[in-house]
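In the working numbering, the protein residues as written are 903 to 1535.
We treat Cβ as the ideally placed atom computed from N, Cα and C, and that holds for glycine.
Note that the coordinates shown come from a computational prediction; the quantities given were computed from them, not determined experimentally.
Step one of this worksheet: look at the structure below.
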Ligand code: ADP
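Structure, rendered in structure tokens:
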């Protein structure tokens, strides 16, 4: 195929423009990015060779070569990895790969249009970082196992050319034609061997394949000899002793190994010996991935056996609720050519996974006890995962037990985060249940009519602010022998003497108003399952309760948003017999229970209860007209 000139995808163009024109805090990162890409390409080749040995073409000596050249003002990075076909070059290099333009542009806006090292790392625009230092980039590549090679060239401005070419060895060679300020300058000289050697040591020491350079020595007769040396130590960090590793080394490693753009917030280095031997290096990233809870997020730990890379994302170690954990496991007890299917059934993997899960939960619990601020930072970022763990394992008492003490909830006490244990600790002896209330924020909850009597009695309430919270408390049911009671459910009642007294009075009243309540229910229709008098309201006239079991109103909303409108809450309308409106209602009923006035009154009472719950009535215009008519009277 002859040379073709193609346009970059629109977003890529925009990105390249930013890369070329922005002022970087760190110009050196291009080298780390390109070496990482090379290392990934070798990983891919190695992985493919496990099932197709021929692809190696008889050459198993993986290597990455970096050659700075002051004569041609270039730096060349080559690898003998998987390489790319013509189509792959077009789709991998011409378009922004993983994270999608939308997220990219959104973040860009958040970042006030600033592009820096962190930003680049986050969006996997690694290859384009070449244009920070180069005004022209050539990429020559041949996919392992293919005959034809391609050459891609671009000046980073809008378009690139692609043409067929010759290449003997498999893999990819990238030639950067350096901008003048990066050749021979005081500050940056990327054509200088020693400068590059230092950069490789600094950023790419852990790369598990040799990164080689030519070193030219002259003897006294000016005879030059070229010596090829491996610059990186290649010693995997996790094989070193913990005491020999600095925090900075750990942090650099995670950034590098997992393409993280920020330092992790917590690091776990776990070594186990005995029947199952393994080392795990895990971390909690600083921020949750944008797609952490979406189907396209791929959880999993890197898997190594005797320091040899086996697999990028092994999902079988950690439970789904720890999907945010990144890291690797290296175990000599796993065979090198293990398939995904066998891995799933492997007893070793299960055993290692259980131990890791236990270890992570223990560390989290320690963090909660010893460094509350740190734990709350973690919680704000990943708490949702633990909540999903509780809800997703509602029938698994063990998991619930493991997680229940790691949960934090905002409570009415100073609207701060609290554990369930702390809440229980503060409960007065007379209080037998843990009370919780659902709402979108603290201000909304504090206005729920049912909250009034709790406030009066000085009872602390847990606020369920996240839509998943109520699913969590429902799954738990109780904590430390105390039932968790939603104040939005019909079976909510206080058990102090005062409340009991009011309750029995209301029960008496309910008996004498049986007909009235039945007629109110009929006037409203089948939407409510029952109308009753309540002792739980003080100044409020009405409230809506849901059945003691089954979905709540909040759950109904969540299910509806998930396109599952069948999950309906039972609605119970509760009336305050001590309110003026109740007296008025009784009056209208006594006058003529068939009258339009009585029926409208009932419907408006129900509408009020709906509005308190943030639910729009089905027929807002009709409701507005009824209110208008009533006000005009
Ligand atoms: P990322 O590496 O984060 O996916 P890049 O822009 O650095 O983003 O690279 C885009 C894609 O181009 C890579 O995912 C890979 O498929 C391909 N690629 C880049 N460099 C190489 C290489 N040296 N060998 C083979 N493929 C490569």
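- Under the DSSP assignment, residue 1281 falls in the alpha helix (DSSP H) whose first and last residues are 1274-1294.
- Membership of residue 1159 in the alpha helix (DSSP H) is indicated by the continuous run 1149-1159.
- Bounds of the beta strand (DSSP E) holding residue 1473 are 1473-1477.
- Here the alpha carbons of residue 1367 and residue 1418 stand approximately 36 Å from one another.
- When secondary structure is reduced to three states using DSSP, residue 1389 falls in the coil class, being assigned neither helix nor strand.
- Going by beta carbons, residue 1475 and residue 1423 fall inside the 9 Å limit.
- DSSP, reduced to helix, strand and coil, places residue 1206 within a strand of the structure shown.
- DSSP places residue 1502 within a helical segment (H, G or I) once states are collapsed to three.
- A straight-line Cα-Cα distance of about 13 Å links residue 1305 and residue 1380.
- Straight across, the Cα-Cα distance linking residue 1441 with residue 1495 is about 26 Å.
- For residue 1434, the enclosing beta strand (DSSP E) begins and ends at 1432-1435.
- Set against 8 Å, the gap from the CB of residue 1102 to the closest heavy atom of the ligand ADP is not smaller.
- In the three-state scheme derived from DSSP, where H, G and I count as helix and E and B as strand, residue 1342 is classed as coil.
- Bounds of the beta strand (DSSP E) holding residue 967 are 966-971.
- Of the heavy atoms belonging to the ligand ADP, at least one sits nearer than 8 Å to the Cβ of residue 935.
- With a cut-off of 8 Å, the C-beta of residue 1448 is classified as distant from the ligand ADP, since no heavy atom of the ligand falls inside that distance.
- By alpha-carbon distance to residue 1054, the top candidate from 1047, 1046, 1064 and 1127 is 1064.
- If you look at residue 1534, you'll find it in the alpha helix (DSSP H) that goes 1522-1534.
- In terms of side-chain proximity, the C-beta atom of residue 940 is found nearer than 8 Å to a non-hydrogen atom of the ligand ADP.
- Closest in alpha carbon position to residue 1211, among 947, 1511 and 910, is 947.
- Runs of alpha helix (DSSP H) with 4 or more residues, each lying fully within the segment 1313-1369, are found at 1322-1328, 1344-1348 and 1353-1358, listed in chain order.
- At least one heavy atom of the ligand ADP is found less than 8 Å from the C-beta of residue 1161.
- Taking the Cα positions, residue 1112 is about 11 Å away from residue 944.
- Cβ-Cβ separation between residue 1072 and residue 962: approximately 12 Å, too far for a contact (criterion under 8 Å).
- Rounded to the nearest angstrom, the Cβ distance from residue 1438 to residue 1484 is 14 Å, too far for a contact under 8 Å.
- For residue 980, the enclosing beta strand (DSSP E) stretches over residues 976-981.
- Within the same chain, 966, 968, 979, 1102, 1105, 1106, 1109 and 1113 come within 8 Å of residue 937 by CB-CB distance, once the 5 residues on both sides are set aside.
- Contact between the segment 1176-1185 and the segment 1229-1238 is present, with at least three C-beta pairs closer than 8 Å.
- Here residue 1302 carries a helix assignment [DSSP, helix/strand/coil].
- For the set 1290, 1188 and 1176, the Cα lying nearest the Cα of residue 1250 is the one of 1176.
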